[in-house]
Amino acid sequence: MADIFREVDEDIRQERYEKLWKRYRWWLLGLAIALIGAVAAYVIIDERNESLRREEGLRFATALLELEEGRPKEAAAQFNALANSTDSGYLALARLRAADALAAAGDESAAVALYDELSSDNQANLRYRELSVLLAAEHLLDSAPPQEVMQRLAALVSGDGPWRSLAVELTGLAQIKAGRIDTARQIFDDLRRDLTAPSGVRARAQELLVSLGGPLESDSERPVPETSKD
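So that you can map any letter, position 179 of the sequence shown is 178 in numbering that gives the first Met the number 0, and since no number is skipped, the others follow by simple counting.
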């Protein structure tokens, strides 16, 4: 009889963790747009051919309008066409947006393939390549084995680039999906204390940690640094 109650308790616990993971999965849906927007400043603005730059800017804006008006397939085609016809700063940005549009159209596998293509392009800006790794992992959270997601993120997690804290956060979510709750608790406990992480990431880590039952006993007495008011 005790075994039956233990199995029921484990099932209830697992269901709660799955609901928690799905809840925090939703904020990731807007991650691609926010991050791509954040790196838009990398687009080269001092091209020698000013008329060509204006033309490419217009094509990019037209494709973006298609996406915003709910026509992701058309947007993806236009972004890809732009990416295939330029070697300016719009190339990587158009490929990122094309992948974003493919995901919006429901073609996650094509989106991930495009992210993978950009991340392996040694000619692309390093920040774009790292962002592609992050976004591919984000899109695979629902469908791929958690271990694959974590392997994709490992280099970002161990590095010191601008996407590190988000990669750590995604790794924690993958650990939840894998059922390794104590490992996830440790990740989020460390992340909430990381003064180099953005305040929003630290706040989410704190909330996730509380939802998972709080810090591990050995870490419960460690003080938490105050989040900057900036």
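Note that beta-carbon positions come from the ideal geometry of N, C-alpha and C, so glycine has one too.
Taking all protein chains shown into account, Asn121 has fewer than 16 neighbouring C-beta atoms within 10 Å of its C-beta and is therefore exposed. Approximately 4 angstroms separates the beta-carbon atoms of Arg191 and Gln205; this is inside 8 angstroms, confirming the contact. Note on geometry: alpha-carbon atoms of Ile180 and Leu211 lie some 7 angstroms from one another. In this structure, the straight-line span from the alpha carbon of Ala91 to that of Leu57 is close to 16 angstroms. Taking a 10 Å sphere around the C-beta of Gln77, we find 16 or more other C-beta atoms and assign the residue as buried. A distance below 7 angstroms between beta-carbons, with the five flanking residues on each side excluded, links Ala166 to the following residues of its chain, in chain order: Leu133, Leu152, Leu155, Val156. Nearest in C-alpha terms to Gly178, of all of Ala62, Asp189, Leu66, Gln146, is Gln146. For Asn79, the enclosing alpha helix (DSSP H) starts and ends at 71-82. With a 10 Å radius around the Cβ and a threshold of 16 neighbouring Cβ atoms, Asp99 comes out buried. Note on Val111: 16 or more other CB atoms within 10 angstroms of its CB, so buried under the neighbour-count rule. Relative to the Cα of Ala102, the nearest Cα in the group Ala136, Asp193, Arg52 belongs to Ala136. Looking from the CA of Ser87, the closest CA among Asp188, Glu68, Ile186, Ala123 belongs to Ala123.
Inclusion of Pro71 and Arg126 in the CB contact set at 8 angstroms is not warranted, their separation being larger than that value.
With a cutoff of 8 angstroms on beta-carbon distance, Glu55 and Leu81 are scored as near each other. DSSP, read as helix, strand or coil, puts Gln174 in helix. Apart from the 5 residues on each side of it in sequence, Ala62 sits with its Cβ closer than 6 angstroms to the Cβ of Ala74, Gln77, Phe78 in its chain, given in chain order.
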